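Visitor: Residue numbers (my numbering): 4 to 386.
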Amino acid sequence: MLKISIWTKQDEEISTTMLNHPIVRNIRRRPLLVVAPLSLIVILYLFIFSHREPSKKTQKYSYKSKNKSWFNKNKDSVILRNLPKNHLSHYDLNQLTVSKTPLENKEEILVLTPMSKFLPEYWDNLNKLSYDHSLISLGFILPRNEDGNKALKSLEKAVKQTQSDPTTKFKKITILRQDTNSLESQAEKDRHALAVQKERRSLMALARNSLVFTTISPSTSWILWLDADVIETPPDIIQDLAAHDKPILSANVYQRFFNEETKKPDIRPYDFNNWVESEEGLKLAKTLGEDEIIVEGYAEMATYRTLMAHLYNAKADQNTEMALDGVGGGAVLVKADVHRDGAMFPSFPFYHLIETEGFAKMAKRLGYEVFGLPNYLVYHYNE
Ligand SMILES: Nc1nc2c(ncn2[C@@H]2O[C@H](COP(=O)(O)OP(=O)(O)O)[C@@H](O)[C@H]2O)c(=O)[nH]1
Ligand SMILES: [Mg+2]
Numbered sequence: 004m005l006k007i008s009i010w011t012k013q014d015e016e017i018s019t020t021m022l023n024h025p026i027v028r029n030i031r032r033r034p035l036l037v038v039a040p041l042s043l044i045v046i047l048y049l050f051i052f053s054h055r056e057p058s059k060k061t062q063k064y065s066y067k068s069k070n071k072s073w074f075n076k077n078k079d080s081v082i083l084r085n086l087p088k089n090h091l092s093h094y095d096l097n098q099l100t101v102s103k104t105p106l107e108n109k110e111e112i113l114v115l116t117p118m119s120k121f122l123p124e125y126w127d128n129l130n131k132l133s134y135d136h137s138l139i140s141l142g143f144i145l146p147r148n149e150d151g152n153k154a155l156k157s158l159e160k161a162v163k164q165t166q167s168d169p170t171t172k173f174k175k176i177t178i179l180r181q182d183t184n185s186l187e188s189q190a191e192k193d194r195h196a197l198a199v200q201k202e203r204r205s206l207m208a209l210a211r212n213s214l215v216f217t218t219i220s221p222s223t224s225w226i227l228w229l230d231a232d233v234i235e236t237p238p239d240i241i242q243d244l245a246a247h248d249k250p251i252l253s254a255n256v257y258q259r260f261f262n263e264e265t266k267k268p269d270i271r272p273y274d275f276n277n278w279v280e281s282e283e284g285l286k287l288a289k290t291l292g293e294d295e296i297i298v299e300g301y302a303e304m305a306t307y308r309t310l311m312a313h314l315y316n317a318k319a320d321q322n323t324e325m326a327l328d329g330v331g332g333g334a335v336l337v338k339a340d341v342h343r344d345g346a347m348f349p350s351f352p353f354y355h356l357i358e359t360e361g362f363a364k365m366a367k368r369l370g371y372e373v374f375g376l377p378n379y380l381v382y383h384y385n386e
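#1: Starting from Thr-265, follow its DSSP beta bridges and name the residues at the other end.
#2: Distance, Cα to Cα, Lys-318 vs Pro-377?
#3: Could you check what DSSP says for Met-347 in three-state terms: helix, strand or coil?
#4: Round the Cβ separation of Leu-291 and His-355 to the nearest angstrom and send it over; I've been treating them as touching at under 8 Å.
#5: Should the stretch 218-225 be called in touch with the stretch 99-116, which here means at least 3 C-beta pairs below 8 Å?
#6: Just to be sure I understand the criterion: a residue counts if its Cβ is closer than 6 Å to at least one heavy atom of ligand 2. Which residues meet that?
#7: Kindly give me the distance between the Cβ atoms of Asp-150 and Lys-172, rounded to whole angstroms, as I take these residues to be in contact under 8 Å.
#8: What separation, rounded to the nearest whole angstrom, lies between the Cα atoms of Thr-323 and Pro-146?
#9: Quick test of your reading: Glu-360 and Val-335, contact by CB under 8 Å. State the CB separation rounded to the nearest angstrom.
#10: What residue does the beta strand (DSSP E) around Phe-143 start on, and which one ends it?
#11: Please classify Tyr-354: does DSSP put it in a helix, a strand, or coil?
#12: Given a cut-off of 7 Å on the beta-carbon distance, is the pair Ser-220 and Ile-144 in contact?
#13: Considering only the alpha carbon of each residue, which of Thr-104, Gln-98 and Ser-140 lies closest to Asp-248?
#14: Considering only C-alpha positions, which residue in the set Ile-251, Ala-190, Pro-34 and Arg-271 is nearest to Asn-316?
#15: To the nearest angstrom, how far is it from the Cα of Val-337 to the Cα of Lys-88?
#16: Chain D beta carbons: is any one of them nearer than 7 Å to that of Glu-295?
#17: Suppose the cutoff is 6 Å on Cβ atoms and the five residues either side in sequence are ignored; what does the same chain contact list for Val-298 look like?
#18: Can you tell me which of Tyr-134, Pro-25, Arg-343 and Val-215 puts its alpha carbon nearest to the alpha carbon of Tyr-371?
#19: How long is the line joining the alpha carbons of Ser-42 and Ser-137, rounded to whole angstroms?
#20: Report back the beta-carbon spacing between Ala-210 and Thr-183 to the nearest angstrom; my notes put them in contact at under 8 Å.
#21: Pick from Val-162, Met-365 and Gly-345: whose alpha carbon is nearest that of Tyr-125?
#22: Ala-366 to Pro-250, Cα distance in whole Å?
#23: Given that a residue counts as buried once 16 or more other Cβ atoms are within 10 Å of its Cβ, and exposed if not, what is Asn-77?
#24: Could you check the C-alpha separation between Leu-3 and Arg-203 for me, to the nearest Å?
#25: Kindly identify the DSSP beta-bridge partner or partners of Phe-260.
#26: Looking at Val-114 and Val-256, is the spacing between their C-beta atoms short of 7 Å?
#27: DSSP three-state label for Arg-374, please.
#28: How many angstroms separate the CA atom of Ser-350 from the CA atom of Ile-51?
#29: By the 10 Å Cβ neighbour count, where 16 or more other Cβ atoms means buried, how is Arg-2 classified, buried or exposed?
#30: Using the Cβ count rule (16 or more neighbours within 10 Å means buried), how would you classify Leu-47?
#31: Could you spell out the range, first to last residue, of the alpha helix (DSSP H) harbouring Leu-214?
#32: Quick one: using the 10 Å Cβ neighbour count with 16 as the cut-off for buried, is Thr-61 buried or exposed?
#33: Measure from the alpha carbon of His-195 to the alpha carbon of each residue in His-93, Asp-274 and Lys-131, then state which is nearest.
#34: Hey, how far is the Cα of Thr-100 from the Cα of Glu-282?
#35: How long is the line joining the alpha carbons of Glu-303 and Glu-235, rounded to whole angstroms?
#36: Work out the CA separation of Val-38 and His-24 for me, nearest whole Å.
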């Protein structure tokens with residue numbers, strides 16, 4: 004339908020009267036007087052409503068390039084809009100440093116311990132670590148057996164004490180209970196019998212994997228594997244080991260004992276899993292079936308590998324390094340990226356190796372070098 008408007012004399016009169024109204028006359032003379040406050044109101048309205056939490060129904064997640072914003076000088080390349088609080092966290096792993104001077108760079112360390120027994124000396128050493136405790140997180144995994152129950156009780160008590168004291172408080176402590184099995188008997192002679200090694204070490208591998216995959220965080224720079232029965236460690240162990248800047252670096256695990264021959268306290272090598280591969284070791288591996296493993300330190304399985312445990316020299320430099328092919332788990336500092344890249348503790352024969360020894364092999368296959376410090380001693384509990 005065609006609509007025609009006709010401008011009548013009456014309209015003209017109304018229009019003229021409106022134009023002569025004092026308010027309208029004022030606006031015509033000084034338009035800024037009205038436009039300025041009006042614009043201010045509009046700007047204020049837009050500002051308030053663009054910063055309000057959107058209603059649940061209309062909530063949409065979006066990314067917006069930050070450099071488009073005038074006011075935000077944040078370094079991130081994107082900002083998040085309309086996200087429920089803590090919904091997404093961004094970590095730039097390129098900003099995570101792993102350096103020779105971890106304290107200066109405020110690098111975070113995760114100390115990981117599979118624990119079947121709680122020893123107060125071990126805990127005292129943790130408390131005495133000279134590294135900034137607010138940069139240290141601790142992670143434990145305990146077996147789901149009687150040993151585990153007992154250890155858990157003591158551990159929880161110790162944790163309470165340490166965390167309530169600002170001088171010892173750690174950043175975070177995680178305690179896991181194993182969801183895999185453990186061998187029941189843990190007496191030294193039982194757990195070291197060659198016959199049980201494959202099963203025992205394979206179960207330990209599962210426990211270590213559970214522990215590292217559950218506790219590693221985007222801010223972890225280093226991981227210190229520290230066994231619960233390593234009862235003497237230097238307070239500077241983190242700084243000392245990190246200063247070598249190696250992807251994997253193992254301390255030499257010794258044991259104190261009373262030497263009946265000399266009638267004096269003495270020390271002896273304990274951990275034989277830190278070794279350099281030998282021709283004989285490689286030949287032996289070739290004779291093995293797919294599922295068979297080599298475990299170090301057993302006469303029945305002579306490998307003639309070079310064992311770091313035998314190379315300690317009290318007079319030599321504590322910082323002497325040696326390249327290794329296998330490591331133990333007593334006290335080993337690992338760059339977190341080695342685990343992030345996928346190096347874990349094989350619970351199955353991997354090049355005829357399992358657990359920590361298999362881990363060293365896997366890290367090497369990923370292109371990382373493995374080292375040990377023959378003259379840097381830590382001490383294992385003597386049962
Ligand atoms: N979660 C867990 N930890 C264990 C188990 N058995 C031993 N551990 C811990 O694993 C570490 C190494 O085990 P250990 O028996 O000391 O090995 P060894 O020193 O080579 O004889 C120690 O910290 C033990 O407390 C187990 O079944 N489960
Ligand atoms: Mg031990």
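The beta-carbon is built from N, C-alpha and C at its ideal position, and this holds for glycine as well. If you're wondering where the values come from, they're calculated on a predicted model, not measured in any experiment.
Guide: A quick look at the data gives this:
#1: Walking along the sequence shown from the start, residue 265 turns up at place 262. DSSP, once it has assigned bridges, lists no residue as partnering Thr-265.
#2: Reading the sequence shown from its first residue, position 315 is the one you call residue 318. Reading the sequence shown from its first residue, position 374 is the one you call residue 377. Their Cα atoms are separated by approximately 12 Å.
#3: Numbered from its first residue, the sequence shown carries residue 347 at position 344. It is coil, neither helix nor strand.
#4: Residue 291 sits at position 288 when you count from the first residue of the sequence shown. Residue 355 sits at position 352 when you count from the first residue of the sequence shown. The Cβ separation is near 5 Å, so the contact holds.
#5: yes
#6: Asp-230, Asp-232 and His-383
#7: Stepping through the sequence shown from its first residue, residue 150 is reached at position 147. Stepping through the sequence shown from its first residue, residue 172 is reached at position 169. Contact doesn't hold; Cβ gap of about 28 Å is too wide.
#8: Position 320 of the sequence shown, counting from 1, holds the residue named residue 323. Position 143 of the sequence shown, counting from 1, holds the residue named residue 146. Cα-Cα distance, rounded: 36 Å.
#9: Within the sequence shown, residue 360 is the residue found at index 357, counting from 1. Within the sequence shown, residue 335 is the residue found at index 332, counting from 1. Not really, about 12 Å apart at Cβ, beyond 8 Å.
#10: Here residue 143 is taken as the residue at index 140 of the sequence shown, counted from 1. Taken as a continuous stretch (DSSP letters only), the beta strand (DSSP E) holding Phe-143 covers 139-145.
#11: Numbered from its first residue, the sequence shown carries residue 354 at position 351. Of the three classes helix, strand and coil, the one that applies to Tyr-354 here is coil, per DSSP.
#12: Position 217 of the sequence shown, counted from the start, is the residue given in the question as residue 220. Position 141 of the sequence shown, counted from the start, is the residue given in the question as residue 144. No, the Cβ-Cβ distance between Ser-220 and Ile-144 is not below 7 Å.
#13: As a working mapping, residue 248 is identified with position 245 in the sequence shown. Of the candidates Thr-104, Gln-98 and Ser-140, the one whose C-alpha sits nearest the C-alpha of Asp-248 is Thr-104.
#14: Taking the sequence shown and counting its residues from 1, the one referred to as residue 316 is at position 313. Of the candidates Ile-251, Ala-190, Pro-34 and Arg-271, the one whose C-alpha sits nearest the C-alpha of Asn-316 is Arg-271.
#15: Counting from one through the sequence shown, the residue named residue 337 turns up at place 334. Counting from one through the sequence shown, the residue named residue 88 turns up at place 85. Straight-line Cα distance between these residues: approximately 34 Å.
#16: This model lacks chain D altogether, as it is built from one protein chain only.
#17: Along the sequence shown, one-based indexing puts residue 298 at 295. Closer than 6 Å at the Cβ level, and outside the excluded window around Val-298, lie Gln-200.
#18: Numbered from 1 along the sequence shown, position 368 holds the residue referred to as residue 371. Nearest option by C-alpha distance: Arg-343.
#19: Sequence index remark: in the sequence shown, residue 42 carries index 39 (1-based). Sequence index remark: in the sequence shown, residue 137 carries index 134 (1-based). Straight-line Cα distance between these residues: approximately 51 Å.
#20: Taking the sequence shown and counting its residues from 1, one reaches residue 210 at position 207. Taking the sequence shown and counting its residues from 1, one reaches residue 183 at position 180. Ala-210 to Thr-183, Cβ: 7 Å. Contact.
#21: As a working mapping, residue 125 is identified with position 122 in the sequence shown. Ranking Val-162, Met-365 and Gly-345 by Cα distance to Tyr-125 puts Val-162 first.
#22: Here residue 366 refers to the residue found at position 363 of the sequence shown. Here residue 250 refers to the residue found at position 247 of the sequence shown. Near 9 Å, if we compare the C-alpha coordinates of Pro-250 and Ala-366.
#23: Residue numbering aside, residue 77 sits at position 74 when the sequence shown is read from its first letter. In this predicted model, Asn-77 has a pLDDT of only 47, less than 50, meaning its place in the structure is not dependable; the value taken from the coordinates is given anyway. It is exposed - the Cβ of Asn-77 has fewer than 16 other Cβ atoms within 10 Å.
#24: Because residue 3 is not part of the residues shown, which for the chain are 4 to 386, the question remains open.
#25: Reading the sequence shown from its first residue, position 257 is the one you call residue 260. Note: Phe-260 sits in a beta bridge opposite Asp-269.
#26: Against the sequence shown, residue 256 aligns to sequence position 253. Against the sequence shown, residue 114 aligns to sequence position 111. No. Outside cutoff.
#27: Here the question's residue 374 lines up with position 371 in the sequence shown. The amino acid at residue 374 is misidentified as Arg; the sequence shows Phe. Phe-374 falls in the strand class under three-state DSSP.
#28: Locating residue 350 in the sequence shown gives position 347, where the first residue counts as 1. Locating residue 51 in the sequence shown gives position 48, where the first residue counts as 1. In a straight line, the C-alpha of Ser-350 is about 58 Å away from that of Ile-51.
#29: Because the chain here runs from 4 to 386, residue 2 falls outside it and cannot be looked at.
#30: Translated into positions along the sequence shown, residue 47 becomes position 44. With fewer than 16 other Cβ atoms within 10 Å, it is exposed.
#31: Here the question's residue 214 lines up with position 211 in the sequence shown. Counting along the chain, the alpha helix (DSSP H) containing Leu-214 begins and ends at 197-218.
#32: Walking along the sequence shown from the start, residue 61 turns up at place 58. Confidence is the limiting factor: at Thr-61 the pLDDT is only 46, short of 50, which leaves the residue's position unreliable, though a coordinate-based value still follows. The residue in question, Thr-61, is exposed, as its Cβ has fewer than 16 Cβ neighbours within 10 Å.
#33: By 1-based counting over the sequence shown, the position of residue 195 is 192. Taking only the C-alpha atoms, the option nearest His-195 is Asp-274.
#34: Position 97 of the sequence shown, counted from the start, is the residue given in the question as residue 100. Position 279 of the sequence shown, counted from the start, is the residue given in the question as residue 282. If I take the Cα positions, the gap works out to 38 Å.
#35: As a position in the sequence shown, residue 303 is number 300, starting the count at 1. As a position in the sequence shown, residue 235 is number 232, starting the count at 1. Glu-303 and Glu-235: Cα-Cα distance of roughly 31 Å.
#36: Taking the sequence shown and counting its residues from 1, the one referred to as residue 24 is at position 21. Taking the sequence shown and counting its residues from 1, the one referred to as residue 38 is at position 35. Approximately 18 Å between the Cα atoms of the pair.
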